[in-house]
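For reference, the structure is listed below as structure tokens.
Protein chains in written order, with the working numbering: chain H, 36 to 230; chain X, 3 to 251.
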């Protein structure tokens, strides 16, 4: 603190009497929790008593230092964190908003296609006679096979087969076609003979 | 409220440690202060802690209580000290110089100015330098830099060079010795003539470097009103100083 002003204006004497301000009243004054009449009385004493003045001003230093160390001492809406969060949310809305609207408003694309049933696809179909495929390994094998054949499919969660597929005995039998419909990561498969 | 529980809490112990460290630079004094405060809080079956009525926050009460006890401790420390006989023989002015420089760690230059302001010494600076020779030879355990005429550097009372923070201090610092002494007398007289509330506001903000909001709370004013009042008061100080022919160099 400024040594000159400290020496110039601060009380330098202490009354001989023991009639000092009660500690709790000094604490209340530091908190601003006294009424007007009482405050006038206390201020009058503080201007003349070095001891009471010193306790008050040291208490103000301590309370202020402690408040500044506590994260909750600043109202939440005045913190930098709040403004940073608000700006982040705004940026996310500006950048991601149109994409999100598009995502939520547009119906997911449906893929419809017919493929000549080659040996690779037949192998996958012949693994077992289940009509509902849920095993990840089998789903991934079909997914890879479709991607290799030019399908833009990222993921399959389920495959539903219209009827079990069995190998045709005839070597020269009619060609077969696999009709595929993919919607919401579910593939509907049906094998038909080609006319 | 369980006083034993409060006294054993780490929170209170940290508070005591913090206050003692701030008030004393020597580690030994800090430790003695710490023990004194704890013993005093335990005394008479925790009488001082039991005196808390819940009218203020407990934390604020504890800080006020610790600070009061630290002041008592300091008094006891000072009370044990004796001004060396060689200094006391020179008179009251010499005792005051010894207190300022040895105990409060001001420089001899500062002490000369304070003596002049309080009317305890009327001689010139040259005479003062000659007359303090015996004081400089006196023992001083508290201040190893006692014999120096320079600023101690580690003074508990630091100078402020920021005009915005304390324009009156800034002005006083810039003045030469004679005008500084005159200015201090004007500021002291002007302060004494202010209403009680304004006096305390000036003391807290410009005498003790409290923040305006903290001082405003004590006075019972909104911070913005206290800030405006301080501006008005500074204008008054300026007018009084100008009337005495003191202006910023």
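We put the beta carbon where it would ideally sit given N, CA and C, even for glycine.
Rounded C-alpha distance that separates residue i from residue j
i                      : j                      : result
residue 90 of chain H  : residue 51 of chain X  : 17 Å
residue 157 of chain X : residue 171 of chain X : Note that residue 157 of chain X has pLDDT 42, beneath the 50 cutoff, so the model's placement of it is unreliable and the number below is only indicative. Between residue 157 of chain X and residue 171 of chain X, the C-alpha separation is close to 16 Å.
residue 170 of chain H : residue 177 of chain H : 11 Å
residue 183 of chain H : residue 160 of chain H : 16 Å
residue 197 of chain X : residue 80 of chain H  : 13 Å
residue 136 of chain H : residue 202 of chain H : 47 Å
residue 129 of chain X : residue 189 of chain X : 27 Å
residue 99 of chain H  : residue 213 of chain X : 9 Å
residue 202 of chain X : residue 131 of chain H : 57 Å
residue 172 of chain H : residue 158 of chain H : 14 Å
residue 212 of chain H : residue 145 of chain H : 19 Å
residue 40 of chain H  : residue 45 of chain X  : 38 Å
residue 82 of chain H  : residue 222 of chain X : 16 Å
residue 138 of chain H : residue 8 of chain X   : 59 Å
residue 23 of chain X  : residue 13 of chain X  : 15 Å
residue 161 of chain X : residue 107 of chain X : Only weak support is given to the placement of residue 161 of chain X: the predicted model assigns it a pLDDT of 43, under 50, and the value that follows is read from those uncertain coordinates. Each residue's alpha carbon lies about 13 Å from the other.
residue 33 of chain X  : residue 70 of chain H  : 39 Å
residue 92 of chain H  : residue 68 of chain H  : 16 Å
residue 92 of chain X  : residue 133 of chain X : 9 Å
residue 99 of chain X  : residue 237 of chain X : 34 Å
residue 78 of chain H  : residue 119 of chain H : 43 Å
residue 102 of chain X : residue 122 of chain H : 55 Å
residue 112 of chain X : residue 42 of chain H  : 11 Å
residue 83 of chain X  : residue 18 of chain X  : 24 Å
residue 41 of chain X  : residue 6 of chain X   : 12 Å
residue 233 of chain X : residue 200 of chain X : 11 Å
Pair within 7 Å by beta-carbon distance, residue i and residue j
i                      : j                      : result
residue 216 of chain H : residue 147 of chain H : yes
residue 65 of chain X  : residue 58 of chain H  : no
residue 248 of chain X : residue 195 of chain X : no
residue 21 of chain X  : residue 72 of chain X  : yes
residue 66 of chain H  : residue 58 of chain X  : yes
residue 44 of chain H  : residue 220 of chain X : no
residue 39 of chain X  : residue 85 of chain X  : no
residue 75 of chain H  : residue 46 of chain H  : no
residue 253 of chain X : residue 173 of chain X : Past the boundaries of the shown model lies residue 253 of chain X; chain X is included only from 3 to 251, so the question cannot be answered.
residue 54 of chain X  : residue 63 of chain X  : yes
residue 35 of chain X  : residue 26 of chain X  : yes
residue 192 of chain H : residue 220 of chain H : yes
residue 239 of chain X : residue 192 of chain X : yes
residue 199 of chain H : residue 164 of chain H : yes
Residue i, DSSP secondary structure in three states
i                      : result
residue 157 of chain X : Note on residue 157 of chain X: pLDDT 42, under 50, position unreliable in the model; no value is reported.
residue 151 of chain H : strand
residue 19 of chain X  : helix
residue 24 of chain X  : helix
residue 56 of chain H  : coil
residue 167 of chain H : strand
residue 193 of chain H : strand
residue 223 of chain H : strand
residue 83 of chain H  : coil
residue 213 of chain H : strand
residue 183 of chain X : helix
residue 162 of chain H : coil
residue 68 of chain X  : helix
residue 134 of chain X : coil
residue 129 of chain H : helix
residue 146 of chain H : strand
residue 250 of chain X : coil
residue 164 of chain X : For residue 164 of chain X, the predicted structure reports a pLDDT of 47, less than 50, and the residue's modelled location is therefore unreliable. A value from the coordinates is still provided. Coil at residue 164 of chain X, not helix or strand.
residue 29 of chain X  : helix
residue 187 of chain H : coil
Chain-order list of residues whose beta-carbon lies under 6 Å from that of residue i (same chain, five-residue window excluded)
i                      : result
residue 208 of chain X : 168, 170
residue 218 of chain X : 225, 228
residue 196 of chain H : 166, 224
Residues near residue i by beta carbon distance below 8 Å, same chain, minus five either side
i                      : result
residue 95 of chain X  : 117, 122, 123
residue 180 of chain H : 155, 156, 159
Cutoff 7 Å; reference residue i; Cβ partners in own chain excluding five residues on either side
i                      : result
residue 181 of chain X : 248
residue 88 of chain X  : 136, 140
residue 246 of chain X : 184, 188
residue 28 of chain H  : Nothing about residue 28 of chain H can be reported from this structure: the residues present for chain H run from 36 to 230 only.
residue 119 of chain X : 183, 186, 187
residue 115 of chain X : 179, 182, 183
C-beta neighbour in chain A for residue i, strict 7 Å
i                     : result
residue 83 of chain H : Although the question refers to chain A, the structure presented lacks it and instead comprises the protein chains H and X.
* To do: Please determine if the segment 180-188 of chain H and the segment 121-130 of chain H are in contact, where contact requires at least 3 C-beta pairs separated by less than 8 Å.
  => no
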